[in-house]
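Quick note on the numbering used here: the sequence shown kicks off at 2 and runs consecutively.
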Amino acid sequence: MLFHSLFRSSSRFFCISRIVCSNTSRSIVAAMTHRESIRPVVTSDLCSQDFDSVVLVVEDVSDAFSFTPLFETLQEASQVNQKFSSDVHTLTCRSLPSKRLVVSFTGHLDQDIDDARRITEASTKGISQAIKIGSKRPLLLLGPLKTAKKLEHSWLEPSVSCLASLLGAFHALYVPLEVREFDRPEGSTCTKPIQSQKAEVLGWFSGTHYAVDHEKITGLAWCLEEGLRVARDIGGSDPERMSAKNIVTYLQKELTEPVQMTDCPVDRGLYPLAAIVDRGNNERHRGHVVHLEYNGSTESQIDPQQIVNLFLVGKGVTYDTGGSDLKVGGIMATMHRDKCGAAAVAGFFKILNLLKPKNLKVHGTLGLVRNSIGENAYVSDEIVTSRAGVRVRVNNTDAEGRMVMTDLLCEAKEKALKVSNPRLLTIATLTGHVGLCYGLGYTGIVCNGPAKELREDYDYQFAGSLLGEMHEISTLRREDYDAHKTDEEYSDLLNSARLIGGKRSRGHQSPVAFMIIASGLDSHLKNTEKPLAYTHMDIASSNGPCPGIPTGTPILTLASRYILPEQMKWPNRKV
């Protein structure tokens, strides 16, 4: 169910993928594959002939007067336009070789409601405007942010704000996979242009007051964007281009050493709850379970018991018709986005593939299943026994996401009991309720008791906020468990919470209680011998607008928490 709508040293990164230098020939730039993201070009020359526009992102125009080539143009614009310090503006700047200057304002950053999105969104809007006026080689300039001088917000630290700005620019340059692959047939009368690449070069101006390693920042940004690209390719593509089988083929090309990948059919003996959903599919749409493994190297001085073992389970419902409880009245459209949880897990592994962080082990599982309707589709009233031995009565076939993930979570639980310092996390476009509760753009985080004691929810919330992924924290209550209990001998659980007064309350919390019980995680809560920390992220309202570009949430949250602190100076949550 879905709510609609870098490295320890420079050499380490350069062995992965060398950043294009500012004097790189056009022929090398032209040879860059459209499959991967554009690698940023770092320059300290604001008037370089290599770029055909400058995109200035700034909080207050007066703070940008220090950039001599822009001073006269900015001063004149601010004098004739009283509302110049807001929104996006296109100016003619005669001091620049291209004459093109785009100014995108963040707005004031000192209000209670301000966060890193002000920076990312301003960069996205600025680069989008540059592309719209014909620029193919924009140079991004993050100007001074005066609020950073008076407020000690973590997201205003130089390294964080620079990275956020670059990621906003990348978002504007993403081209959907189907567009990158498309060739208009000869003889077609359709005149709509196909733009397989929005820009040839993305420049980053390093001649600012920001005391950061600009080469390193741009390299990290590119690696993060590569992960986001993978997530967008999978999550945003239509249900045929990214069927379960095609996702497997795509990932086989994208993921290489040190990531290990295996896949198998949705075996009824191993994953009975997922298999009952997969039962209604034809061979073209047959489901797959994909296992991903990353084992980072361990530094000698690190206690092996302190190494985090992260277990990620992603919901990859390639299309959700609702099943026998069919989605009607036009609400089925956009259901190709129901695979964004699995897409995010895959994207995170792409980043692991590139950056190879140390002292981290990640185990990922993607449940790739289509919820189809047909003669073999599952129906309400069926009873199926989960991998953990819990009898589940189906009372809503449109509650398929939890069915797909629960046995995968059980499998992750079994592995987690054998390692040190485990963390379990499910990621899914699970419920419409999370959007009704928190609104568009916000993820709902729900922790079990052991994770709550470790403040996992607050750690994820802080990590995401640094780069503009915003999360709200919800709490599991006794009503969430009670809502799935059955009053019969036949079964132990209902897969969908019972209605109260004709309405379903606590709609994004109770599915977590279901998964905890049906996976056997209820035997590993706070008061048990072996407690396991488990967190769920409902990204149904934060995966991006549709139509539009997927966000890749919560990839940046995971990177911010588990990867970036090793790569650079990175803020920690203040307790």
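Ideal Cβ positions, reconstructed from N, Cα and C, are used throughout, including at glycine.
- Pro266 - containing alpha helix (DSSP H), residue span: Pro266 -> not in any alpha helix (DSSP H); beta strand (DSSP E) instead, spanning Gln261 to Pro266.
- Task: Give the single residue among Ser497, His472, Ile474 and Ser475 whose Cα lies nearest to the Cα of Ala484.
- Result: Ser497
- Ignoring anything shorter than 3 residues or poking outside the region 355-385, list the beta strand (DSSP E) runs there in chain order. 361-372
- Message: Going by beta-carbon coordinates alone, are Glu401 and Asp321 separated by less than 8 Å?
- Response: yes
- When the Cα atoms are used, what is the spatial distance from Glu284 to Gly169? 40 Å
- Message: With H, G and I counted as helix, E and B as strand and the rest as coil, what does DSSP make of Tyr482?
- Response: helix
- Query: Just to confirm, are Gly204 and Leu143 a CB contact at a threshold of 8 Å?
  - Reply: no
- Message: When you compare the CB positions of Asp130 and Thr91, do they come within less than 8 Å of one another, or not?
- Response: According to the sequence provided, residue 130 is Gln. The question's Asp does not apply to it. Contact: yes.
- Residue range of the alpha helix (DSSP H) that Ile235 falls in? His215 to Gly237
- Message: Using 8 Å as the cut-off, can you tell me whether the region 530-538 makes contact with the region 190-210, which would need three or more C-beta pairs spanning the two stretches below that distance?
- Response: no
- Query: Hey, quick one: how far does the alpha helix (DSSP H) through Leu190 stretch, first residue to last?
  - Reply: According to the sequence provided, residue 190 is Thr. The question's Leu does not apply to it. Taken as a continuous stretch (DSSP letters only), Thr190 belongs to no alpha helix (DSSP H), as it is neither H nor E.
- Query: By DSSP, does Tyr251 sit in helix, in strand, or in coil?
  - Reply: helix
- Query: Skipping 5 residues on each side, what residues in its chain have a beta carbon closer than 8 Å to that of Gln196?
  - Reply: Val176 and Val180
- Query: Distance, Cα to Cα, Ser542 vs Ser96?
  - Reply: 44 Å
- Item | Meets three-Cβ-pair contact criterion under 8 Å: the region 379-390 and the region 349-368 | no
- Task: Would you identify the three-state DSSP class for Gly450, choosing helix, strand or coil?
- Result: helix
- Task: Would you tell me roughly how many angstroms separate the C-alpha atoms of Asp493 and Val393, rounded to the nearest one?
- Result: 6 Å
- Task: Assess, as a yes-or-no matter, whether the region 74-87 is touched by the region 119-126 under the definition of 3 or more beta carbon pairs within less than 8 Å.
- Result: no
- Assigned exposure category for Cys577 - 16 Cβ within 10 Å defines buried: Outside the shown range of the chain (2 to 576) lies residue 577, about which nothing can therefore be said.
- Query: What's the gap between the Cα of Asp399 and the Cα of Gly323?
  - Reply: 4 Å
- According to the Cβ coordinates, are Arg233 and Gly553 closer than 8 Å? yes
- Among all the DSSP beta bridges, which residues are the ones paired with Thr93? Arg101
- Given a cut-off of 8 Å, decide if Asp111 and Leu167 are closer than it, judged by their beta-carbon atoms. no
- Query: So Glu470 and Pro546 are in contact, right, with Cβ under 8 Å, and what is the actual spacing, rounded?
  - Reply: Going by Cβ atoms, the distance from Glu470 to Pro546 rounds to 15 Å, so no, they are not a contact pair.
- Message: For a test of the three-state rule: what should DSSP assign to Ala334, helix, strand or coil?
- Response: coil
- Query: CB Ser475 to CB Val447, shorter than 8 Å?
  - Reply: yes
- Query: How many whole angstroms separate the CB atoms of Ser124 and Ser155, which I take to be in contact at a CB cut-off of 8 Å?
  - Reply: Actually they do not touch by this definition, with Cβ atoms about 19 Å apart.
- Task: For His509, name the three-state secondary structure that DSSP assigns.
- Result: coil
- Does the beta-carbon of Glu583 have 16 or more other beta-carbons within 10 angstroms, so that it is buried, or is it exposed? Nothing can be reported for residue 583: it is not among the residues displayed for the chain, which extend from 2 to 576.
- Ordered list of alpha helix (DSSP H) runs contained in the region 401-450, each at least 4 residues: 401-417 and 434-439
- Query: Tell me which same chain residues have a C-beta within less than 7 Å of the C-beta of Gly108, skipping the five on either side of it?
  - Reply: Ser87 and Arg119
- Quick one, are the C-beta atoms of Ala389 and Ile540 less than 8 Å apart? no
- Can you give the Cα-Cα distance for Thr257 and His364, rounded to whole angstroms? 15 Å
- Message: Using C-beta distances below 6 Å, list every residue in its chain close to Leu178, excluding the 5 sequence neighbours before and after it, in chain order.
- Response: Asp234 and Ser238
- Query: If you follow the alpha helix (DSSP H) that Val161 is part of, which residue opens it and which one closes it?
  - Reply: Pro159 to Leu174
- Using DSSP with H/G/I as helix, E/B as strand and the rest coil, what is Arg27? Bear in mind that the predicted position of Arg27 carries a pLDDT of just 34, short of 50, making it too unreliable to give a figure here.
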